[in-house]
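Accompanying notes for the structure given below.
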Amino acid sequence: MLDRLRTHLAMLRRHGLITEWYDRDIEAGAEWREEITRQLETADVILLLVSADFLASDFAYEQEMLRAIERADHGEATVIGVILRPVDGWESSPFGKFQVLPQNGRPITRWSNSDDAYRDVAAGIRSLLEDRVRSESLAEGLHVSEVPRASDLATDSASAARGKEIVESLFELLLRANTDDFIIVIGDSEANYYTQCFAEEGSFWCEAVSNEFLEASHALDADQTTLLATLGWNPPGTNRLNWWCVQQSVEDVAALMVRSLSDVYGVRLDSPLKIETSWAA
Numbered sequence: 144m145l146d147r148l149r150t151h152l153a154m155l156r157r158h159g160l161i162t163e164w165y166d167r168d169i170e171a172g173a174e175w176r177e178e179i180t181r182q183l184e185t186a187d188v189i190l191l192l193v194s195a196d197f198l199a200s201d202f203a204y205e206q207e208m209l210r211a212i213e214r215a216d217h218g219e220a221t222v223i224g225v226i227l228r229p230v231d232g233w234e235s236s237p238f239g240k241f242q243v244l245p246q247n248g249r250p251i252t253r254w255s256n257s258d259d260a261y262r263d264v265a266a267g268i269r270s271l272l273e274d275r276v277r278s279e280s281l282a283e284g285l286h287v288s289e290v291p292r293a294s295d296l297a298t299d300s301a302s303a304a305r306g307k308e309i310v311e312s313l314f315e316l317l318l319r320a321n322t323d324d325f326i327i328v329i330g331d332s333e334a335n336y337y338t339q340c341f342a343e344e345g346s347f348w349c350e351a352v353s354n355e356f357l358e359a360s361h362a363l364d365a366d367q368t369t370l371l372a373t374l375g376w377n378p379p380g381t382n383r384l385n386w387w388c389v390q391q392s393v394e395d396v397a398a399l400m401v402r403s404l405s406d407v408y409g410v411r412l413d414s415p416l417k418i419e420t421s422w423a424a
């Protein structure tokens, strides 16, 4: 079940949101207790994979879980319980006060479709990670508001037309169901202003080009990067070189791309945007 969960976390791993560790990663000859302690003390997010066996293990319960909860109580880490199998009494356990997944604490083995359960867990973890990044952005002075919605484009015919073009490509991307496929919406080829997205686990991973890929003459200034944040984009990081976010709705992704290219990058919307797809290459 751990291996299945890791497979469903592939999108988060691929885009640099997570680097995960678990005790099978201990190298031969290593002092396993010391290694587990070191990882436990440095993790930002700790997943407790809950079953009767987990709660019955003295080491898992008394050493690992209680220390994880202590760190969470001090604001040093986030603890999430992932309920694998039905087990009585987990609600009154020390981790019961924290978020549990899948939704409503329904054990993964009780779902008629296990992929739906794992996807729900992955989506919950992704949402939590986004909240962490967004909180860090707010602490740095970036003011985040609601992301653009499809209805935002309805009042302008040019914006609505550009949004419709993007929606058609996004639906095609979904139908292909290939995690290696993507679309790129180019607003200005000369300046290299673009947005792009991938589809996986029922969501869209979206990116907007950052100064990392822009020449100095076309680089975004402080006002433009602040506006990207107000539109709902998360700032680049060590492993994420572009601005990024994850969206669920095809129409909202299109609205976000149109608004970002127009409002932030200054792209005119009176003619069709150039849309490139991986499958058309």
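If you count the sequence shown from 1, you need to add 143 to reach the working numbering.
Quick reminder that beta carbons are idealized off the backbone N, C-alpha and C, glycines included.
Beta-carbon spacing of residue i, residue j below 7 angstroms
| i | j | result |
| --- | --- | --- |
| I251 | A220 | no |
| R228 | S194 | yes |
| N385 | V352 | yes |
| F238 | V225 | no |
| L152 | A265 | yes |
| L318 | D324 | no |
| I309 | M400 | yes |
| L412 | S405 | yes |
| T263 | Q246 | At residue 263 the sequence reads Asp, which differs from the Thr that was named. Contact flag set, yes. |
| V410 | G330 | yes |
| I179 | D187 | no |
| E343 | M154 | yes |
| G101 | N377 | Missing from the structure shown is residue 101; the chain here goes from 144 to 424 and no further. |
| L183 | R210 | yes |
| A303 | L296 | yes |
| I326 | Y337 | no |
Helix, strand or coil at residue i according to DSSP, with G and I counted as helix
| i | result |
| --- | --- |
| I268 | helix |
| W422 | helix |
| S360 | helix |
| I179 | helix |
| S405 | helix |
| D324 | coil |
| N382 | coil |
| W376 | coil |
| V410 | coil |
| Q390 | strand |
| E184 | helix |
| H286 | Caution applies to H286, whose pLDDT of 47 falls short of 50 and renders its modelled position unreliable; the value that the coordinates give is listed next. Of the three classes helix, strand and coil, the one that applies to H286 here is coil, per DSSP. |
| E163 | coil |
| A342 | strand |
| L399 | helix |
| L371 | helix |
| R156 | helix |
Host beta strand (DSSP E) of residue i (start-end)
| i | result |
| --- | --- |
| V310 | Counting along the chain, V310 falls outside any beta strand (DSSP E), though it belongs to the alpha helix (DSSP H) covering 300-319. |
| A351 | 346-351 |
Start-to-end residues for the alpha helix (DSSP H) that takes in residue i
| i | result |
| --- | --- |
| E150 | Note that residue 150 is Thr in the sequence shown here, rather than Glu. Here the alpha helix (DSSP H) through T150 covers 145-151. |
- Item | the stretch 263-272 touching the stretch 360-369, judged by at least three CB pairs closer than 8 angstroms | no
- Inside the stretch 189-264 only - alpha helix (DSSP H) runs reaching at least 4 residues: 195-199, 209-216
- Any contact of the stretch 385-397 with the stretch 409-422, i.e. 3+ C-beta pairs under 8 angstroms? no
- Task: Tell me, please, whether the stretch 389-398 touches the stretch 343-350 by the rule of three or more beta-carbon pairs shorter than 8 angstroms.
- Result: yes
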